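Novice: Attaching a single structure in structure tokens format; questions to follow.
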Amino acid sequence: MTTEYQKPTAAFVGASWAALFLGVGAFVAGLWNAQMQLNEKGYYFTVIMYGLFSAVSLQKCVRDRLEGIPVTGIYYGLAWVSVALSILLLAVGLWNATLAPSEKGFYGMAFALSLFAAVAVQKNTRDSRHDYTHKEENL
């Protein structure tokens, strides 16, 4: 089976970067203006950074496997666990927070947008490399 990857359009690349900046920017601006203790702000900031890293790492693992690049099962599993754990940490933090439901929803949606956008940006970056018409033979 042959898989062909095409270079992403400039519109999709721009929309992906805009979504990433919008999601992370809104999340951080919300934290900056929030009436919460500094340790809570640090917790939520750490969770979004961990979530972004884990989402990009998982996307890379999945793509590497599709292209036949070896990825150990343990790292692949850790990538999945990391994404799930970052979402769980945010959910538990928001569940126990003394925030209005609208604020909790805001942080949840900004987090989700940021993770999705980080995956899209990483995919675009990989697809934009010089050999963008990379063909792979699966055995």
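Sequential numbering from 1 applies to the sequence shown in the UniProt record's numbering.
Just so it is clear, CB atoms sit at the ideal spot from N, CA and C, and this is done for glycine as well.
These numbers were taken from a predicted model, which means no experiment stands behind them.
#1: Can you list, in chain order, the residues of its chain whose CB lies under 6 Å from that of Val13, leaving out five sequence neighbours each side?
#2: Return helix, strand or coil for Glu40, following the three-state DSSP convention.
#3: On the DSSP letters alone, give me the boundaries of the alpha helix (DSSP H) that Ser67 sits inside.
#4: DSSP on Leu90, reduced to helix/strand/coil?
#5: Given a threshold of 16 other Cβ atoms within 10 Å of its Cβ, counted over all protein chains shown, does Pro70 qualify as buried or as exposed?
#6: Going by the beta-carbon positions, is the gap between Ser57 and Ala84 smaller than 8 Å?
#7: Which whole-angstrom value describes the C-beta separation of Lys16 and Val121, a residue pair presumed to lie in contact below a C-beta threshold of 8 Å?
#8: How would you label Val47, buried or exposed, when you count the other beta carbons within 10 angstroms and need 16 or more for buried?
#9: Can you have a look at Phe21 and say buried or exposed, based on whether 16 or more other CB atoms are within 10 angstroms of its CB?
#10: Considering only their Cβ atoms, is the gap separating Ser114 from Gly23 smaller than 8 Å?
#11: With a threshold of 16 other CB atoms inside 10 Å of the CB of Gly25, please say whether the residue is buried or exposed.
#12: With distances taken from CA atoms, which of Asn39, Gln6 and Tyr44 is nearest Leu88?
#13: So, under 8 Å CB-CB, Arg63 and Arg126 are touching, yes? Tell me the CB distance rounded to an integer number of Å.
Specialist: In brief:
#1: Against the sequence shown, residue 13 aligns to sequence position 13. Cβ neighbours of Val13 beyond the five flanking positions: Asn124.
#2: For the purposes of this step, residue 40 is identified with residue 40 of the sequence shown, where counting begins at 1. Reduced to three states, the DSSP call for Glu40 is helix.
#3: The residue labelled residue 67 in the question sits at position 67 within the sequence shown. According to the sequence displayed, residue 67 carries Glu and not Ser. Careful: Glu67 lies outside any alpha helix (DSSP H) and carries neither H nor E.
#4: Looking up residue 90 in the sequence shown gives position 90. Look at Leu90 here: in three-state DSSP terms it is helix.
#5: Against the sequence shown, residue 70 aligns to sequence position 70. Exposed.
#6: To locate residue 57, count along the sequence shown from 1; it is residue 57. To locate residue 84, count along the sequence shown from 1; it is residue 84. The answer is no: Cβ separation not under 8 Å.
#7: Taking the sequence shown and counting its residues from 1, one reaches residue 16 at position 16. Taking the sequence shown and counting its residues from 1, one reaches residue 121 at position 121. It is Ser, not Lys, that sits at residue 16 in the sequence shown. Right, the Cβ-Cβ distance comes to about 5 Å (below 8 Å), so this counts as a contact.
#8: Taking the first residue of the sequence shown as 1, we reach residue 47 at position 47. That one is buried.
#9: Here residue 21 refers to the residue found at position 21 when the sequence shown is read from its first residue. Under this definition Phe21 is an exposed residue.
#10: Here residue 23 corresponds to residue number 23 of the sequence shown, with the count starting at 1. Here residue 114 corresponds to residue number 114 of the sequence shown, with the count starting at 1. Yes, the pair counts as a contact, with Cβ atoms nearer than the cut-off.
#11: The residue labelled residue 25 in the question sits at position 25 within the sequence shown. When all chains shown are included, Gly25 counts as exposed.
#12: Taking the sequence shown and counting its residues from 1, the one referred to as residue 88 is at position 88. The candidate whose alpha carbon is nearest that of Leu88 is Tyr44.
#13: Counting from one through the sequence shown, the residue named residue 63 turns up at place 63. Counting from one through the sequence shown, the residue named residue 126 turns up at place 126. Rounded to whole angstroms, the Cβ separation of Arg63 and Arg126 is 6 Å, and the two are in contact under 8 Å.
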